[in-house]
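Trainee: Please find one structure pasted underneath; my questions will follow.
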Amino acid sequence: MLDTKQQFEHVIGICRSLFAKKLKDYGASWRILRPQSVTDQILIKAKRIRSIEEKGISLIDEGIMPEFIAIVNYGIIGLIQLELGFSDTVDLNEEQVLALYDKHMTQTKELMFAKNHDYDEAWRSMRVSSYTDLILTKIYRTKQIEENNGHTIVSEGVDANYMDMINYSLFGLIKLEYPDTKD
């Protein structure tokens, strides 16, 4: 079996590959999204995962894996938008976007590896549905921070919440991609 870092690299590769393909199809059209719109898009994806988990079926022929991938990729978009601000035009080319994707994924992955060390891979004992609930919690926290114009008193900011959403989604993807990962 692959070790944790290899599993993360594998599922990140799946996410990045889809991101790059969509970038070719649509360009960086998401550059016009304000961060609040990115948060709402992630909310839609997480709500669909929870709906499928609760109902046990979906009418659209896709499971929850594509939605976790979308949360990863929208989370990276959110981090890019926080760094650059939104734009009224598509102002980045493919090379610039992929460099930003890699930069933010590296920072997010480094945070996860540090937390993973401290928590001794506790995520492996969690259920995928718990990741969904934690992502939804992070979304509602993010929405509250956005309502407070990005200000917090003692809490982490929107960027840290996006990173956590990405990492919980990566945990879910690993559990789905490697079903023998313990519950």
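Note that the sequence shown covers residues 33 to 215 in the working numbering. Glycine included, each C-beta is placed from N, C-alpha and C at the ideal position. All figures in this text were calculated on a predicted structure; none of them were measured in a lab.
From the beta carbon of ARG173, is the nearest beta carbon of chain C less than 9 angstroms away?
Mentor: Here there is only one protein chain, and chain C is not present.
Trainee: Quick one: Cα of ARG63 to Cα of ASN125, how far?
Mentor: Each residue's Cα considered, the two are about 11 angstroms apart.
Trainee: Output needed for ASP196: all residues of its chain with C-beta closer than 6 angstroms, excluding positions within five of it in sequence on either side, in chain order.
Mentor: Taken in chain order, the residues that qualify are LYS170.
Trainee: Just tell me which of VAL186, ASP165, VAL129, VAL43 has its CA closest to the CA of ALA102.
Mentor: Measuring from the Cα of ALA102, the nearest candidate turns out to be VAL43.
Trainee: Please determine if the region 143-150 and the region 189-208 are in contact, where contact requires at least 3 C-beta pairs separated by less than 8 angstroms.
Mentor: Flag = yes, the region 143-150 and the region 189-208 touch.
Trainee: Do the region 68-84 and the region 35-52 touch if we need at least three Cβ pairs shorter than 8 angstroms?
Mentor: Counting Cβ pairs under 8 angstroms, fewer than three are found: no touch.
Trainee: Under DSSP, the alpha helix (DSSP H) around ASP152 begins and ends at which residues?
Mentor: Unbroken run through ASP152: none, as it is neither H nor E.
Trainee: Using the Cα positions of ASP134 and GLN113, report the straight-line distance between them to the nearest angstrom.
Mentor: Those two C-alpha atoms are separated by around 14 angstroms.
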